[in-house]
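So for the sequence shown, the working numbering puts the first residue at 14; every next one is plus one. Even for Gly, the Cβ is constructed at its ideal location relative to N, Cα and C. These figures come from a predicted structure and were not determined experimentally.
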Amino acid sequence: MKKVTSGIDAPVIPMLYLVAALFLFTSFFWEQHATERFWDIVVGLFFVAGLGIFLHTSLRGKGHIWERLLAQTSVDPNAQVLDLGCGHGTVLGRVAQELSGTGRAVGVDLWRSRDQSQNSKQATMANMATLGVADRVTLVTADMVDLPYDHNRFDIVTTSFAVHNIKPKAMRYQALEEAVRVLKPGGELLIVDTDHHLRGYRDFLESAGCHVLLAKSAGFDGWWTGPWQGSYVIRAVKGNKGTSK
């Protein structure tokens, strides 16, 4: 099986979980009272569990989410695809494997390691080469809120755990507006992100002329520590009609 490098999302967070767990387990030996020792262990185990779940979502879970989502999406071999905030190319490479002929996939990112560890254009292109799709992929350094592409350029636009990193809120909606702008009429927009933006994104896309076919929780594979930090999936079509789920 071909192996590619995959960075850890928001790497500071799992590091903090690990430090917190180690501190609490060490504190167990300092505490004089049984009750305090008990809570040191309980809270320490909570951080260990959170760390494990976080790493699962970052390294494997989001891949499972995208496999399920892409199974519902018909990717024409000649499609023009744009992946926003592509990182190491988990989604970009998977979609590129569906392309042939004139089909091309473009990955856009600012390549910031605070969003994903060891994030770089070079690492991503190495992954594309490992997957055998480098000839179908172009990597571009660009901001999601100001895309360097004409209107109605792409058949499919994807974005995976990237939009929520944009601050402030108004800029996040500007990124969504850009995604819709460069999408062809009848083209599909696929979003996976953290769930506290689900309703707002869905309403915004509908107001922008898209029909939302799917808007739901991503389940366990999208937990970032626990269900209170879950993720969602949106599948929408620009200027087309369908059946909501």
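For residue i, which residues of its own chain have a beta-carbon under 8 Å away from its beta-carbon, when the five flanking residues on both sides are left out?
{"i": "T18", "result": "H101, Q131, A136, A139 and N140"}
Using a Cβ-based criterion (distance less than 7 Å to any ligand heavy atom), does residue i qualify as near the ligand PLP?
{"i": "G222", "result": "Absent from the structure shown: the ligand PLP. Ligands present: none."}
How many whole angstroms separate the CB atoms of residue i and residue j, which I take to be in contact at a CB cut-off of 8 Å?
{"i": "A118", "j": "V153", "result": "Actually they are not in contact, since the Cβ atoms of A118 and V153 sit about 11 Å apart, beyond 8 Å."}
{"i": "A92", "j": "L112", "result": "6 Å"}
{"i": "M157", "j": "A109", "result": "Contact doesn't hold; Cβ gap of about 19 Å is too wide."}
{"i": "L203", "j": "T39", "result": "With 8 Å as the limit, L203 and T39 do not qualify as a contact, their Cβ atoms being about 44 Å apart."}
{"i": "R107", "j": "L68", "result": "With 8 Å as the limit, R107 and L68 do not qualify as a contact, their Cβ atoms being about 20 Å apart."}
Would you kindly work out how many angstroms separate the C-alpha atoms of residue i and residue j, rounded to a whole number?
{"i": "D234", "j": "G74", "result": "4 Å"}
{"i": "A23", "j": "K180", "result": "15 Å"}
{"i": "N165", "j": "C223", "result": "13 Å"}
{"i": "S133", "j": "S173", "result": "16 Å"}
{"i": "H210", "j": "H46", "result": "43 Å"}
{"i": "N178", "j": "F36", "result": "29 Å"}
{"i": "L31", "j": "F60", "result": "7 Å"}
{"i": "F41", "j": "L29", "result": "19 Å"}
{"i": "S230", "j": "R212", "result": "11 Å"}
{"i": "Y186", "j": "A62", "result": "33 Å"}
{"i": "R81", "j": "Q242", "result": "20 Å"}
{"i": "V176", "j": "T48", "result": "43 Å"}
Does the separation of the CB atoms of residue i and residue j fall below 8 Å?
{"i": "P27", "j": "L72", "result": "no"}
{"i": "V205", "j": "I66", "result": "no"}
{"i": "L123", "j": "V195", "result": "no"}
{"i": "L105", "j": "A192", "result": "no"}
{"i": "I169", "j": "V88", "result": "yes"}
Determine the extent of the beta strand (DSSP E) in which residue i is found, giving its start and end residues.
{"i": "Q129", "result": "Note, Q129: premise wrong, no beta strand (DSSP E); not H, not E."}
{"i": "D53", "result": "Taken as a continuous stretch (DSSP letters only), D53 belongs to no beta strand (DSSP E), being part of the alpha helix (DSSP H) at A47 to H69."}
{"i": "E191", "result": "Run containing E191: none in the beta strand (DSSP E); it sits in the alpha helix (DSSP H), K182 to V195."}
{"i": "Y162", "result": "Neither: Y162 is in no beta strand (DSSP E) and is coded neither H nor E."}
{"i": "R117", "result": "R117 to D122"}
Sorted by chain position, which residues of the same chain lie with C-beta nearer than 7 Å to residue i's C-beta, five sequence neighbours on each side aside?
{"i": "G199", "result": "V250, K251, G252 and N253"}
{"i": "E219", "result": "V225"}
Mind checking which residues open and close the alpha helix (DSSP H) that includes residue i?
{"i": "I26", "result": "V25 to S40"}
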